[in-house]
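Sequential numbering from 55 applies to the sequence shown in the working numbering. Backbone N, C-alpha and C define an ideal beta-carbon position, used for all residues, glycine too. Only a predicted model underlies this, so the values are computations on that prediction, with no experimental measurement involved. Heads up: the structure comes next, in structure tokens.
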Amino acid sequence: MLIGDVARRSGVSARMLRHYDSLGLVRPTGRTVSGYREYSGEDIRRIFHVESLRSLGLSLREVARALDDPGFRPAELVEDLVRQTRERIAVETALLTRLRRIGAAEPAEWEDVLQTVALLHALGSENAANRQRAALSSGEEAAVPVDALVEAALGEEDPVVAGALRWAVAQSGEAALDLLAEGLASPVAAVRERAVRSIAEIPHERAAALLQGALRSSDSAVRGHAALALGAQGAQGEPQGEQGAVNVVPTLVDMIVEGTNDVDAADALSALASRPASADRIATAIVGRLAAGPDELPARRRLTQALADIPGAVADRALAELSHDEDRAVALTATYLLTLREARQPD
55 MLIGDVARRS GVSARMLRHY DSLGLVRPTG RTVSGYREYS GEDIRRIFHV
105 ESLRSLGLSL REVARALDDP GFRPAELVED LVRQTRERIA VETALLTRLR
155 RIGAAEPAEW EDVLQTVALL HALGSENAAN RQRAALSSGE EAAVPVDALV
205 EAALGEEDPV VAGALRWAVA QSGEAALDLL AEGLASPVAA VRERAVRSIA
255 EIPHERAAAL LQGALRSSDS AVRGHAALAL GAQGAQGEPQ GEQGAVNVVP
305 TLVDMIVEGT NDVDAADALS ALASRPASAD RIATAIVGRL AAGPDELPAR
355 RRLTQALADI PGAVADRALA ELSHDEDRAV ALTATYLLTL REARQPD
């Protein structure tokens, strides 16, 4: 079969077939009387083998080795091709993401594009100061896409930069909440914690609803951050935090028992107890946990101390009973707190 016929049937151009011949990759076994290349059936099969291997990403040199080297081990080459392909996909995916983010910023001029690119590069910088400046510059120099800010916030390990990123995300308001909600479902504990802390800084009803849902999380850190945020909103009388204030008390009491951010939890309960009805409910919850008998004595002491700034008769009675507790440290703490409360009573 002449080269023109082979090109039509195989889909490989005559020019490429000549190139294969010059490389010794596919040499026609015969020549016509006039000197034209003549391909046998075996030659054509080799052409299809070459094209099949090229479709996997092999170079022509690798194709020749695969077909002609008896000691060739395809498994190693395939593994290497998989690695190269993954690296190439990662690079292309990163480029696609960057282009989409630039498009989302709706640049009016090339200067806007360049500023957005610079901020995106800074957000991904290895230098913490650069990342912090990029976060604080969001919305000033150029609009940084919300998904880029949220991605950076969920992945940031430096506490100072993380605070700046949470602030930047909060400026985006409700637009960031869907992405942060996905962060709450992350299999990585650190990401879940960063997500709930970011949500806590967004003053929006939907953010409060997400925090309410976070109270049911199996992750104690997520529950704790949600409870502290909702407790603060309820103490400040924010409408979106009032229902949350009712639901956070058990979680805050759990935090005191566990000794996890127990001082913050006690402060949150104290702030919520400014309303008489809330004070009795909180004191009842603490007394109930004391009655349940935490195994560790330090937990009972922390619960006793948490009653210090809870006003009302329920807390008074609980402290009076605890002043006779068999644990001397608990009894002394309760006695001291009663003395302070009596001293604050008006004459």
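Short of 7 Å from the beta carbon of T314, and not among the five residues preceding or following it, lie these beta carbons of its own chain, in chain order: S274, G278. DSSP lists R85 as the beta-bridge partner residues of R91.
When DSSP states are grouped into helix, strand and coil, L269 belongs to the coil group. Contact between the region 222–242 and the region 196–206 is established, with three or more Cβ pairs separated by less than 8 Å.
Nearest in C-alpha terms to A249, of all of A189, Q225, A280, is A280.
Note on geometry: alpha-carbon atoms of A322 and L306 lie some 8 Å from one another.
C-alpha of L150 to C-alpha of Q169: approximately 18 Å in a straight line.
Put simply, of R127, A218, A372, V60 the residue whose alpha carbon is nearest the alpha carbon of R100 is V60. Every alpha helix (DSSP H) stretch that sits fully inside the region 93–154 and reaches 4 residues is listed by chain position as 95–108, 114–122. L153 sits exposed, since fewer than 16 C-beta atoms from the chains shown fall within 10 Å of its C-beta.
DSSP places L203 within a helical segment (H, G or I) once states are collapsed to three.
A distance of 8 Å or more separates the beta carbons of R187 and L174.
In the structure shown, S67 falls within a coil segment according to DSSP collapsed to helix, strand and coil. Between V200 and A243 a beta carbon distance of about 24 Å is seen, past the 8 Å cut, so the two are scored as non-contacting.
As the crow flies, the alpha-carbon of Q138 is around 36 Å from that of E163. Non-local beta-carbon contacts of V384 in its own chain, meaning distances under 8 Å to residues more than five positions away in sequence, involve L351, R354, R355, T358, L376 in chain order.
With a contact defined as Cβ atoms closer than 8 Å, L56 and R91 qualify at about 7 Å.
A distance below 7 Å between beta-carbons, with the five flanking residues on each side excluded, links G227 to the following residues of its chain, in chain order: I256, H258. The region 124–132 makes no contact with the region 71–86, as fewer than three CB pairs between them are under 8 Å. In this structure, the beta-carbon distance from Q287 to A262 falls below 8 Å. For G237, the enclosing alpha helix (DSSP H) begins and ends at 231–238. Inclusion of S192 and R185 in the CB contact set at 8 Å is not warranted, their separation being larger than that value. The beta carbons of L386 and L373 sit about 12 Å from each other, so the pair does not count as a contact at 8 Å. Counted as a single uninterrupted DSSP element, the alpha helix (DSSP H) harbouring G217 occupies residues 213–226.
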